[in-house]
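**Q** Sharing a structure here in structure tokens format.
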């Protein structure tokens, strides 16, 4: 008896649920369905001339019973047959939806986005473009970047229609930010996804390497000031003859430097043109080193015949 009552309860519950669903599906609903765009019969060595969307978004308004078919039918897609498409522009509008989507029931769309697509065939091209790094870093107090950022690869190959590819000068990575760094950074940074299938990337990431070290300062003394392009019968005496500097950089980096890594020089023609009898020489240092001070900044000089 108890078993029979249990079956009656289950049956009553299922009947109530089905009745509720049946009543509700008679009501009108508005939904948005996203159909992936699929290109068919594109000829070898050809590409679409203009950008086109990855999906077509369609808004329908109909009874629940009618709309149910959209969810019960797998792999609905927006298909475009390119077999007869040429170099002339061909326009697809919202009214052409039934020609491209095989709807399971007769549904009338109330909005199609995009409502217009312009298609044409162009030659397929590939070219290499440099990667643009979209990265922000901050460092813990006393730490900093040593040397240049290393990017591998530095450029990538992109492919697509000649019309689109010719206008692309570089390709960016996605944006990422790293704060309070105190150790070297080595990551694979994804490249930005193309906004249209008309362009494709033959590589999808770049490896970024940044050497991070504790920063320190170091004094280098006795860097000789040299005159360049000086005539054979002349010599220049600088007063004082040498420069002292203070530089900042990574600890390991500073340990490898010597005075030979820095050059202080003056072109002889600048001395001839000078009227102040005091000149500021050109100074060069390794690019990753920051010069804090130079003493002295300016030098007096004497030009005389070589003995």
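In our numbering, the protein residues as written are -10 to 296. Every residue, glycine too, gets a C-beta built ideally from N, C-alpha and C. As the structure is a computational prediction, the values presented were derived from the model and not from experiment.
#1: State the DSSP-derived secondary structure class of residue 11, mapped to helix, strand or coil.
#2: Are the CB atoms of residue 45 and residue 103 within a distance shorter than 9 Å?
#3: DSSP on residue 133, reduced to helix/strand/coil?
#4: Thinking just about the alpha-carbon of each residue, which of 223, 49, 210 and 21 is nearest to the one in residue 295?
#5: Tell whether a beta-carbon distance below 9 Å holds between residue 234 and residue 212.
#6: Since residue 160 and residue 120 should fall inside the 8 Å C-beta cutoff, what is the C-beta to C-beta distance between them, to a whole number of angstroms?
#7: If you drop the 5 nearest sequence neighbours on each side, which residues of the same chain put their C-beta closer than 6 Å to that of residue 238?
#8: What does a CB cutoff of less than 8 Å around residue 258 pick up in its chain, not counting 5 residues either side in sequence?
#9: Taking the C-alpha atoms as reference points, what is the distance between residue 281 and residue 262?
#10: What residues are listed by DSSP as bridge partners for residue 242?
#11: Cβ of residue 36 within 9 Å of Cβ of residue 117?
#12: Answer yes if the stretch 163 to 183 comes into contact with the stretch 120 to 130, meaning at least three C-beta pairs across the two stretches below 8 Å, and no otherwise.
#13: Count the other C-beta atoms from every protein chain shown that fall within 10 angstroms of the C-beta of residue 84, then say buried if there are 16 or more, exposed otherwise.
#14: In angstroms, rounded to a whole number, what distance separates the CA positions of residue 52 and residue 64?
#15: In whole angstroms, what is the alpha-carbon distance linking residue 287 and residue 185?
#16: Any idea what DSSP makes of residue 34, helix, strand or coil?
#17: Can you list, in chain order, the stretches of the beta strand (DSSP E) that have 3 or more residues and sit fully within the stretch 148 to 180?
#18: State the CB to CB distance for the pair residue 22 and residue 59, rounded to an integer number of angstroms; the pair is presumed to be in contact (CB under 8 Å).
#19: Considering only the alpha carbon of each residue, which of 149, 205 and 201 lies closest to residue 168?
#20: Near residue 12, which residues of its chain fall below 6 Å by C-beta distance, leaving aside the five closest residues on each side in sequence?
#21: Hey, would you say residue 38 sits closer than 9 Å to residue 76, going by beta carbons?
#22: Quick check: what's the CA-CA separation for residue 134 versus residue 199?
#23: Do the stretch 175 to 195 and the stretch 143 to 156 meet, that is, are 3 or more Cβ pairs less than 8 Å apart?
#24: Cα separation between residue 50 and residue 80?
#25: Going by DSSP, name the residue or residues bridged to residue 17.
#26: From the DSSP secondary-structure annotation, give me the bridge partner or partners of residue 198.
#27: In or out: residue 154 buried (at least 16 other Cβ within 10 Å) or exposed?
#28: Excluding the 5 residues flanking residue 210 on each side, which residues of the same chain have their C-beta closer than 7 Å to its C-beta?
**A** According to the structure data:
#1: Its pLDDT being 47, under 50, residue 11 is placed unreliably by the model, and the measurement read from it follows with that caveat. In this structure, residue 11 counts as helix in the three-state DSSP scheme.
#2: yes
#3: strand
#4: 223
#5: yes
#6: 6 Å
#7: The beta carbon of residue 238 is closer than 6 Å to those of 278 in its chain, skipping five residues each way along the sequence.
#8: 218
#9: Between the alpha carbons of residue 281 and residue 262 lies a distance of about 29 Å.
#10: DSSP, once it has assigned bridges, lists no residue as partnering residue 242.
#11: No, Cβ-Cβ distance for residue 36 and residue 117 is not below 9 Å.
#12: yes
#13: exposed
#14: The alpha-carbon atoms of residue 52 and residue 64 are separated by roughly 22 Å.
#15: 58 Å
#16: In the structure shown, residue 34 sits in coil (DSSP, three-state: anything other than H, G, I, E or B).
#17: 165 to 170 and 174 to 179
#18: 6 Å
#19: Nearest C-alpha to residue 168: 201.
#20: For residue 12, the predicted structure reports a pLDDT of 44, less than 50, and the residue's modelled location is therefore unreliable. A value from the coordinates is still provided. So no residue of the chain qualifies.
#21: yes
#22: 7 Å
#23: yes
#24: 26 Å
#25: 52
#26: 139 and 175
#27: Buried, because 16 or more other Cβ atoms sit within 10 Å of the Cβ of residue 154.
#28: The answer, listed in chain order, is 233.
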